[in-house]
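J.: As given, the protein sequences belong to chains W and R, one line each in that order.
Heads up: the first sequence at position 24 corresponds to 24 in my numbering, and the numbers run straight through without jumps.
Heads up: the second sequence at position 174 corresponds to 221 in my numbering, and the numbers run straight through without jumps.
Glycine included, every Cβ here is placed at the ideal spot set by N, Cα and C.
It should be emphasised that the depicted structure is a prediction, and the values quoted were computed from it without experimental measurement.
Next up is a structure, given as structure tokens.
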Amino acid sequence: MGVQEVLALLIVALIAGAFIFRRIRARRRRKQTGEASVSPDEIGRRR
Amino acid sequence: MPRRPLIAVLGCPNTGKSTVFNRLTGLRQRTGNYPGVTVEKIMGIARLEKRDVELVDLPGTYSLAADGPESGITLDVVLGMAEGIPKPDALLLVADATNLRRSLYLFSQARELGLPVAVALNMQDVAERQGEMLDPVALARQLAALVAPITANRGKGIQGLRSVLERLLAGTHVTAVPVMPEVREAAAQMRTDLDAPAPEAPCLERAIIDTGGEFERRLIVAGGDKAGRLLETTRRRLRTQLGEASLQSCEARRRYREVDRWLGQAGATGPPAGMARAGWLERLVSHPVSGPIVFLAVMSAVFQAVFAWATPLMDAISAFFEGVGALALATLPAGALSSLLIDGLWSGVGAVVVFVPQIVFLFALVLFLEDCGYMARASFLMDRLLRICGLSGQSFIPLLSGFACAVPAIMATRVVGDRRARLATIVAIPLMTCSARLPVYALLISGFVPPAYYLNGWINLHGLILLGLYVLGIAGGAVSALLTRRIALRGAGASFFMEMPPFRWPNARVLALKLTAKVRVFLTRAGTVIAAACVMIWALGYFPRSDLIANDFADRRAEVAALAQEPADLHIQLRRLDAEERAAQLEYSLLGRIGKTIEPVFRPLGWDWRVSASVVAGFPAREVVIGVMGTVYALGSEAEGSVGLRERLRASRWPDGRPVFTLAMALGLLVFYAFALQCVSTVAVIGRETNSWRWAAGAWIYMSGFAWLAGMLTYRLAG
Chain W
1 MGVQEVLALL IVALIAGAFI FRRIRARRRR KQTGEASVSP DEIGRRR
Chain R
48 MPRRPLIAVL GCPNTGKSTV FNRLTGLRQR TGNYPGVTVE KIMGIARLEK RDVELVDLPG
108 TYSLAADGPE SGITLDVVLG MAEGIPKPDA LLLVADATNL RRSLYLFSQA RELGLPVAVA
168 LNMQDVAERQ GEMLDPVALA RQLAALVAPI TANRGKGIQG LRSVLERLLA GTHVTAVPVM
228 PEVREAAAQM RTDLDAPAPE APCLERAIID TGGEFERRLI VAGGDKAGRL LETTRRRLRT
288 QLGEASLQSC EARRRYREVD RWLGQAGATG PPAGMARAGW LERLVSHPVS GPIVFLAVMS
348 AVFQAVFAWA TPLMDAISAF FEGVGALALA TLPAGALSSL LIDGLWSGVG AVVVFVPQIV
408 FLFALVLFLE DCGYMARASF LMDRLLRICG LSGQSFIPLL SGFACAVPAI MATRVVGDRR
468 ARLATIVAIP LMTCSARLPV YALLISGFVP PAYYLNGWIN LHGLILLGLY VLGIAGGAVS
528 ALLTRRIALR GAGASFFMEM PPFRWPNARV LALKLTAKVR VFLTRAGTVI AAACVMIWAL
588 GYFPRSDLIA NDFADRRAEV AALAQEPADL HIQLRRLDAE ERAAQLEYSL LGRIGKTIEP
648 VFRPLGWDWR VSASVVAGFP AREVVIGVMG TVYALGSEAE GSVGLRERLR ASRWPDGRPV
708 FTLAMALGLL VFYAFALQCV STVAVIGRET NSWRWAAGAW IYMSGFAWLA GMLTYRLAG
């Protein structure tokens, strides 16, 4: 595998990592806000 | 630095609240979402006479009673409980001067919250024309609040409003006596009886009054069954004490009595304002016969305009992306990096950006129709039809938007108040024939359906099949909504309650501001997801590389170069070899292997591994499938939709020599595309808007399964 391929793979991994990181951070933030993280179907179930 | 004072802007829907907000803040605003719910958070900075203040635009509401987490936001913000927003220093209530009774009901609730409230008496021009002008000074005296008469869409009175806000922040404030003192006392008692941390007093009061509401739910979630039992006991005691069967009706009766007293003493006469405003236009658009005709004409015009106006711009954007891509291809050294940049990132971004013209035109026209007051009538007309599927008139605009693109359409379901109806609408929208399906339809219909004409050439088979696919989408959407409401989300539909706003000429500046915000949200939200997904698909289709294939093609190139006589001929042959090498590498790549692995799944639909891989690779966006097919069938992306690709598809054969693309297979593929949820942005938006990835996954599995079944049946029946 050449240098270009390795670099391309690194960039792809970086983008995937950033994407996953954003999701985790958003999830953590929603968890911290407590009530606001309740999803509509959870509300339906609780009712 | 001390923080700027914060003023929360609240009001009933259609009172011009956002127009007032835009007038005060101009471009100094930012949009976001309230955490965890799908309500847009819009904040901005307004310059008053002596200082800057921060404004927060709250969602339109008729009352502080909340039936869902979305409508609970108003009280959360006002009480300083919304994350990221400090407690406001004052409230600005935007009231419709032509329908004051309803706005003052909200005022009657807002003044009890312990914050100073000013009233912006909007739409003075319409009130003046209708002879419903009320003396603002007399009204201010009755309300014991500052009142600013304005006509926001023309910018009249905005300076006066700024000065009123300045005085509001500088003055002293006395909290109003509650209309329901019994409830306040009961809430105070409950606070002492509750073990769990008690919510803010106004939330507890709402929990007591609004049976089945958002604040009741929160109280029970926090305090458990004990809180629930305590709440029921308190309600029962209050109902006996007040001699009322319902606390909600008691509150409504008392507040309207208060509002009517204010209006009477401020000099209002006759029936409540806003009742008799039906002119000839109103009669035309709401009439049982002419209404649907006007509606069909308006909708046809909107669709024609969206397609006619957007196409040249979309072609231009597409050409720009292809041009820059080709330039980059010629400039950058060939290899993985340039392929990632051009085929992955650049094409990914282009795939999103190319839809911006359609989004802009569709939103501009829909916002225009909304702001001029027509959409409210259209929703009302469609209410009866949608009710059959368990939806209501509120679902109409989102469903209509689904014909252009499902992503903004799903975002538009925020207007649907009832949670169950909203989720059913979200499930139905991806089945509407979005514009991204059109290139696929066009390619397959023109390539594999024989041309035939009927009725002396007036009707052609290609057009009929296209129409059939649209009808199929609508029918699929209706069935999905119905099944969702009957199986997953059972329960009575919420009553559709909406106010008919007066017809008025929309303000261009306000339209432009709203449009900019919508496009920005579309680009950032869908753009990030789709661009990332395209890069992932690129990686799957590029890696791993086979040195064996590369060496073999290098030898073949050398052979061709040695034998070629004409330079032009050599160029064509080399390009063909390049394309064939790409196809061979793709077959070797992970995506190719996935295609081969999943081929048995799609074999009943008559697909070979190339079609299967293209459909899987087309998951980021439906139209991507054409580019992928171009590569898979050893043609570059420049051949998209052209005769070349069609000819290659026609020429593709199974190992035993039978053609892959037959009429039956093409029809099956068309039906598959009509039903399949082949769009990662739509799946992402469903996840975001329902705040639950289960709904997104469920919708994808259900639609893919249904599409497979329908595609297979079509292939078998037509074969």
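#1: Give the interface partners of I24/W over in chain B, defined as CB-CB distance under 9 Å, in chain order.
#2: T145/R and A174/R - do their beta-carbons sit closer together than 8 Å?
#3: I'd like to know whether the C-beta of L387/R is nearer than 8 Å to at least one C-beta of chain W.
#4: Below 8 Å on C-beta distance, what does R592/R contact in chain W?
#5: Would you decide whether Y500/R is buried or exposed? Buried here means 16 or more other CB atoms lie within 10 Å of its CB.
#6: Under 8 Å Cβ to Cβ from M422/R, same chain only, skipping five residues before and after it: list those, please.
#7: Report the three-state DSSP secondary structure of G653/R (helix, strand or coil).
#8: Is it buried or exposed, I24/W, if we count other Cβ atoms within 10 angstroms and call 16 or more buried?
#9: If we cut at 8 Å on Cβ distances, does F19/W have a partner in chain R?
#10: For G382/R and chain W, any beta-carbon pair shorter than 8 Å?
#11: Helix, strand or coil: how does DSSP classify L57/R here?
#12: With three or more C-beta pairs closer than 8 Å as the rule, is the stretch 482–491 of chain R touching the stretch 747–764 of chain R?
#13: Under the three-state reduction of DSSP, which class applies to R706/R: helix, strand or coil?
#14: For the alpha helix (DSSP H) containing T401/R, list its first residue and its last residue.
#15: Can you give me the C-alpha to C-alpha distance between Q165/R and T287/R, rounded to a whole angstrom?
#16: When you compare the CB positions of V332/R and R424/R, do they come within less than 8 Å of one another, or not?
#17: Using C-beta distances below 7 Å, list every residue in its chain close to F495/R, excluding the 5 sequence neighbours before and after it, in chain order.
#18: Do L624/R and F600/R count as a contact pair if the criterion is CB distance below 8 Å?
#19: Kindly give me the distance between the Cβ atoms of L147/R and L310/R, rounded to whole angstroms, as I take these residues to be in contact under 8 Å.
#20: Among residues of its own chain, excluding the 5 on either side of F666/R, which ones have a beta-carbon nearer than 7 Å to its beta-carbon?
#21: V582/R touches chain W at which residues, Cβ-Cβ below 7 Å?
#22: Given a cut-off of 8 Å, decide if L53/R and T72/R are closer than it, judged by their beta-carbon atoms.
#23: Measuring only the C-alpha atoms, how far is S689/R from L491/R?
#24: List the residues of chain W whose Cβ lies closer than 8 Å to the Cβ of A586/R, in chain order.
#25: Sorted by chain position, which residues of the same chain lie with C-beta nearer than 6 Å to V396/R's C-beta, five sequence neighbours on each side aside?
#26: Buried or exposed: where does V732/R fall if 16 or more other Cβ atoms within 10 Å of its Cβ makes it buried?
#27: Terminal residues of the continuous alpha helix (DSSP H) containing N169/R?
#28: Based on Cα-Cα distance, which residue from R604/R, S150/R and E646/R lies nearest to A626/R?
#29: Considering only residues of the same chain and omitting the five flanking positions on each side of E736/R, which have a CB-CB separation below 8 Å?
#30: From the beta carbon of A453/R, is the nearest beta carbon of chain W less than 8 Å away?
#31: Suppose you measure from the CA of D418/R to the CA of R551/R; what does that come to, to the nearest Å?
#32: Touch check for the stretch 217–235 of chain R and the stretch 283–298 of chain R: three-plus C-beta pairs under 8 Å?
#33: Using a Cβ-Cβ cutoff of less than 8 Å, which residues in the same chain neighbour S365/R once the five nearest sequence positions on both sides are dropped?
#34: Please report the distance separating the alpha-carbon of R238/R from that of A274/R.
#35: Put D143/R into one of helix, strand or coil per three-state DSSP.
T.: Reading it off the structure:
#1: Considering every chain present, this structure includes no chain B. Its protein chains are W and R.
#2: Yes, they are a contact pair.
#3: Output row for L387/R: interface = yes.
#4: In chain order: M1 and E5.
#5: That one is exposed.
#6: Around M422/R: V413, L416 and I444.
#7: Residue state, collapsed to three classes: coil.
#8: The residue is exposed, with fewer than 16 neighbouring Cβ atoms inside 10 Å.
#9: Residue-level contact by beta carbon holds for F19/W and chain R, with a gap shorter than 8 Å.
#10: By this cut-off, G382/R is an interface position.
#11: DSSP places L57/R in strand when its eight states are reduced to three.
#12: In short, these stretches do not touch, since the Cβ pair count stays below three.
#13: Sequence inspection shows Pro at residue 706/R; the Arg mentioned does not correspond to that position. Strand.
#14: Per the sequence shown, residue 401/R should be read as Val rather than Thr. V401/R -> no alpha helix (DSSP H), and no H or E assigned at all.
#15: Looking at the sequence shown, residue 165/R is not Gln but Ala. Rounded to the nearest angstrom, the two C-alpha atoms are 36 Å apart.
#16: Yes, they are a contact pair.
#17: Around F495/R: F708, L710 and A713.
#18: In this structure, F600/R places its C-beta atom within 8 Å of the C-beta atom of L624/R.
#19: A Cβ-Cβ distance of about 6 Å is found for the pair L147/R and L310/R, placing them in contact under the 8 Å criterion.
#20: These residues qualify, in order along the chain: Q725 and V727.
#21: The contacting residues are V12 and I15.
#22: Their beta carbons are not under 8 Å apart, which means T72/R does not touch L53/R by this criterion.
#23: Here the model assigns S689/R a pLDDT of 38, short of 50, so the residue's position is not dependable, and the following value carries that caveat. Distance between the alpha carbons of S689/R and L491/R: 11 Å.
#24: What A586/R touches in chain W, judged by beta-carbon distance under 8 Å, is A8, L9 and V12, going in chain order.
#25: Excluding five sequence positions before and after V396/R, the CB atoms of its chain that fall closer than 6 Å to its own CB belong to A578, given in chain order.
#26: Residue burial annotation: V732/R is buried, with at least 16 other C-beta atoms found within 10 angstroms of its C-beta.
#27: Judged by DSSP secondary structure, N169/R falls outside any alpha helix (DSSP H) and instead within the beta strand (DSSP E) spanning V164 to N169.
#28: Residue R604/R is the option with its Cα nearest to A626/R.
#29: Leaving aside the five residues that flank E736/R on each side, the residues in its chain whose CB is nearer than 8 Å to its CB run, in chain order, T85, I457, M458, T460, R461 and I473.
#30: It does not; no Cβ of chain W falls within 8 Å.
#31: Here the alpha carbons of R551/R and D418/R stand approximately 7 Å from one another.
#32: Counting C-beta pairs closer than 8 Å gives three or more between the stretch 217–235 of chain R and the stretch 283–298 of chain R, which meets the contact rule.
#33: Residues G397 and V401 of the same chain have their beta carbon placed closer than 8 Å to that of S365/R, with the five preceding and five following residues left out of the count.
#34: About 10 Å.
#35: DSSP, reduced to helix, strand and coil, places D143/R within a strand of the structure shown.
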